[in-house]
Structure formats: structure tokens, C-alpha cells
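The structure appears right after this line, and notes come after that.
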Amino acid sequence: LAKTTQPISMDSYEGQEVNITCSHNNIATNDYITWYQQFPSQGPRFIIQGYKTKVTNEVASLFIPADRKSSTLSLPRVSLSDTAVYYCLVGATGGFKTIFGAGTRLFVKA
Amino acid sequence: EAGVAQSPRYKIIEKRQSVAFWCNPISGHATLYWYQQILGQGPKLLIQFQNNGVVDDSQLPKDRFSAERLKGVDSTLKIQPAKLEDSAVYLCASSVAWGPHQPGTEAFFGQGTRLTVV
Chain A
1 LAKTTQPISM DSYEGQEVNI TCSHNNIATN DYITWYQQFP SQGPRFIIQG
51 YKTKVTNEVA SLFIPADRKS STLSLPRVSL SDTAVYYCLV GATGGFKTIF
101 GAGTRLFVKA
Chain B
1 EAGVAQSPRY KIIEKRQSVA FWCNPISGHA TLYWYQQILG QGPKLLIQFQ
51 NNGVVDDSQL PKDRFSAERL KGVDSTLKIQ PAKLEDSAVY LCASSVAWGP
101 HQPGTEAFFG QGTRLTVV
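So the protein sequences, as listed, match chains A and B. Counted from 1, the first sequence has number 106 at position 106 by this note's numbering; the numbering is strictly sequential. Counted from 1, the second sequence has number 105 at position 105 by this note's numbering; the numbering is strictly sequential.
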């Protein structure tokens with residue numbers, strides 16, 4: 001199972017772009033990269049998933065280099081409501097021994 | 001679309017007592033998961049069901065934890081007897097399918113049950 005490494009915490013200001021990088025050096029050929037967001041007193045919420053190159057949806061972008069040993073979640077123009085914990089997962093989505101690490105605590109300031 | 005429903009939201013029990021949590025997944029979701037999230041940590045998978053069969057329960061402390069999903073829909077997670085270290089949030093999640101080759105099989109989580117063992 002691929003282990004992931006993320007920064008423990010990050011600070012940002014409203015309106016800025018935030019990039020959270022996740023390292024997964026032993027990612028397997030068939031593994032996908034998935035990011036979840038969790039607010040206090042709520043369950044995690046799916047943000048984005050990708051396999052290679054770039055994926056974009058209405059919430060975020062996910063950049064994956066050719067070697068796939070890392071990935072970067074990009075949140076454009078964050079707001080106070082983006083303050084949350086962000087988890088990077090590698091493997092099958094939502095199960096199959098999914099391992100959530102400690103995540104990255106993002107704090108957005110006014 | 002209704003989300004994953006869990007009850008109760010909060011529970012306080014004394015150690016050595018028993019407790020049960022209930023989960024109703026999103027309609028049509030064949031895969032159901034129970035996670036344990038200790039304060040300050042990421043969720044840890046306890047058990048995964050595919051319909052009413054167990055796919056993975058390798059991290060479930062089977063001497064005190066049990067789970068069932070009898071008709072392939074609702075599920076219950078039980079702890080008997082509870083220990084102080086079982087204090088955590090218990091999250092239920094569901095997905096349409098699972099597997100390393102199936103993109104889009106994201107899990108949808110309920111709000112969880114916060115258990116305090118005193």
C-alpha cells in the first residue's frame with residue numbers, strides 16, 4: 001500500500017491560490033490519487049481524483065507529474081470556508097484498505 | 001439525493017458497556033465502509049462490505065467489535081465491551097463500487113457518531 005506524506009499545516013489568505021503537495025514515492029501502476037476535504041464535525045468529502053497529468057473540476061485542480069511520485073492539489077482563490085483538513089489518498093478510492101494519513105490542516109485568514 | 005445517514009450523532013457510555021451504531025447508505029450503493037477517526041488523526045478503515053458480504057475486516061478488533069449488513073443495505077457496528085481507547089468518531093461511508101481500476105468510485109461519508117467512553 002502506497003504511503004503518502006503531506007505538510008501538517010498551511011496558512012493562506014482569502015483570494016490566494018493554495019497548492020498542497022503530497023508525496024507518494026511507492027505508488028503502484030494501477031493506483032489512483034484521490035483528495036478528500038474534511039470540516040470539523042463532518043465526514044470527509046471527495047474533492048478530486050486523477051491518474052496522471054492534470055485533472056480539473058469546479059472545485060480544484062490536480063497536477064500529477066509523469067513519474068507520479070507526487071501530486072499537487074490546487075485550490076484557486078480560497079475563501080474562509082475552505083479552512084479544513086485535506087487528505088491525499090493513493091490506491092483504490094474509498095476502500096480497499098484506504099489509508100488516510102493525518103492530512104494537511106489549511107487555515108484561511110481574512 | 002439523500003446522503004449517508006448515521007445515528008445516533010453522539011453517545012456517551014461507561015467502559016465495559018456495549019453500544020451500537022446504525023448506518024443507512026446512499027440508495028443503490030453496493031459498497032459500505034465503517035471508519036474510526038480518533039481526534040487529530042485521519043479515518044482508519046475498520047470494515048468494508050460489498051452488498052452483504054465482507055470484503056475487508058483486517059483492521060477490525062474482532063474481540064470487541066462486530067458489524068453486519070444483513071440485507072445489503074443498512075448496517076450496524078457494535079462494540080462490546082467498550083474501552084476508553086474506543087472514544088472516537090465512527091464514520092460510515094458508501095460508494096457505488098470499489099476497486100483499483102474503477103475511477104469515480106469515490107466514497108460518500110455520513111456525519112459520523114461521536115462516541116465518548118468514560
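Cβ coordinates follow ideal geometry from the N, Cα and C atoms, glycine included.
*Closest residue to residue 44 (chain B) among B:27, B:17, B:86 and B:96 (Cα-Cα distance)*: By 1-based counting over the second sequence, the position of residue 44 (chain B) is 44. Residue B:86 is the option with its Cα nearest to residue 44 (chain B).
*Using a threshold of 7 Å, is the CB atom of residue 47 (chain B) nearer than that to any non-hydrogen atom of the ligand HEM?*
Ligands in the displayed structure: none, and consequently the ligand HEM is not present.
*asked:* Contact criterion: CB-CB distance below 8 Å. Does residue 109 (chain B) meet it with respect to chain A?
replied: Numbered from its first residue, the second sequence carries residue 109 (chain B) at position 109. For residue 109 (chain B), the nearest CB of chain A lies under 8 Å from its own CB, placing it at the interface with that chain.
*Where residue 57 (chain B) sits in the DSSP three-state scheme*: In the second sequence, counting from the first residue as 1, residue 57 (chain B) sits at position 57. Secondary structure at residue 57 (chain B): coil, using DSSP grouped into helix, strand and coil.
*Alpha carbon to alpha carbon, how far is residue 13 (chain A) from residue 110 (chain A)? Give it in angstroms, no decimals.*
Here residue 110 (chain A) refers to the residue found at position 110 of the first sequence. Here residue 13 (chain A) refers to the residue found at position 13 of the first sequence. Per the coordinates, the alpha-carbon of residue 110 (chain A) lies some 6 Å from the alpha-carbon of residue 13 (chain A).
*Candidates A:53, A:85 and A:81: which alpha carbon is nearest residue 72 (chain A)'s?*
Locating residue 72 (chain A) in the first sequence gives position 72, counting from the first residue. Among A:53, A:85 and A:81, the Cα nearest to that of residue 72 (chain A) belongs to A:53.
*residue 76 (chain B) and residue 48 (chain B): beta carbons closer than 8 Å?*
One-based indexing of the second sequence puts residue 76 (chain B) at position 76. One-based indexing of the second sequence puts residue 48 (chain B) at position 48. The answer is no: Cβ separation not under 8 Å.
*Residues bridged to residue 58 (chain A) by DSSP?*
Here residue 58 (chain A) refers to the residue found at position 58 of the first sequence. According to DSSP, which records beta bridges pairwise, residue 58 (chain A) is partnered with nothing at all.
*Using a C-beta to C-beta distance shorter than 7 Å, which residues of chain A count as neighbours of residue 41 (chain B)?*
As a position in the second sequence, residue 41 (chain B) is number 41, starting the count at 1. Neighbours of residue 41 (chain B) on chain A, chain order: 102.
*Of all Cβ atoms in chain A, is any one closer than 8 Å to the Cβ of residue 72 (chain B)?*
For the purposes of this step, residue 72 (chain B) is taken as residue 72 along the second sequence, with counting starting at 1. Taking CB atoms only, residue 72 (chain B) has no neighbour in chain A less than 8 Å away.
*Quick one: any contact between the segment 77-92 of chain A and the segment 32-43 of chain A, if contact means 3 or more CB pairs under 8 Å?*
Three or more Cβ pairs closer than 8 Å define a contact, and the segment 77-92 of chain A meets that threshold against the segment 32-43 of chain A.
*How do the segment 3-11 of chain B and the segment 20-40 of chain A stand: do at least 3 beta-carbon pairs fall below 8 Å, yes or no?*
Touching, no.
_Residue of B:15, B:41, B:21 and B:14 minimising C-alpha distance to residue 104 (chain A)_ = Start at 1 with the first residue of the first sequence, and residue 104 (chain A) comes out as number 104. Nearest option by C-alpha distance: B:41.
_Just to check my reading of the structure: residue 15 (chain A) and residue 33 (chain A) have Cβ atoms closer than 8 Å, yes? What is that Cβ distance to the nearest angstrom?_
The residue you call residue 15 (chain A) lines up with position 15 of the first sequence. The residue you call residue 33 (chain A) lines up with position 33 of the first sequence. The C-beta separation of residue 15 (chain A) from residue 33 (chain A) comes to about 27 Å, leaving the pair out of contact by the 8 Å criterion.
*In angstroms with no decimal places, state the Cα-to-Cα distance between residue 108 (chain B) and residue 14 (chain B).*
Counted from its first residue, the second sequence places residue 108 (chain B) at position 108. Counted from its first residue, the second sequence places residue 14 (chain B) at position 14. Their backbone Cα atoms lie some 31 Å apart in a straight line.
*Any beta-carbon of chain B closer than 8 Å to the one on residue 39 (chain A)?*
For the purposes of this step, residue 39 (chain A) is identified with residue 39 of the first sequence, where counting begins at 1. No, its Cβ sits nowhere closer than 8 Å to a Cβ of chain B.
*Could you tell me the distance, in whole angstroms, from the CA atom of residue 48 (chain A) to the CA atom of residue 8 (chain A)?*
On the first sequence, residue 48 (chain A) is found 48 positions in, with the first residue counted as 1. On the first sequence, residue 8 (chain A) is found 8 positions in, with the first residue counted as 1. Distance between the alpha carbons of residue 48 (chain A) and residue 8 (chain A): 20 Å.
*Which one of B:83, B:88, B:79 and B:72 has the shortest CA to CA distance from residue 96 (chain B)?*
Mapped onto the second sequence, residue 96 (chain B) falls at position 96. Proximity to residue 96 (chain B) across B:83, B:88, B:79 and B:72 peaks at B:72, based on C-alpha coordinates.
*asked:* So, under 8 Å CB-CB, residue 74 (chain A) and residue 17 (chain A) are touching, yes? Tell me the CB distance rounded to an integer number of Å.
replied: Within the first sequence, residue 74 (chain A) is the residue found at index 74, counting from 1. Within the first sequence, residue 17 (chain A) is the residue found at index 17, counting from 1. So it is a contact: roughly 6 Å between Cβ atoms.
_Tell me the rounded alpha-carbon separation between residue 58 (chain A) and residue 65 (chain A)._
Mapped onto the first sequence, residue 58 (chain A) falls at position 58. Mapped onto the first sequence, residue 65 (chain A) falls at position 65. Rounded to the nearest angstrom, the two C-alpha atoms are 21 Å apart.
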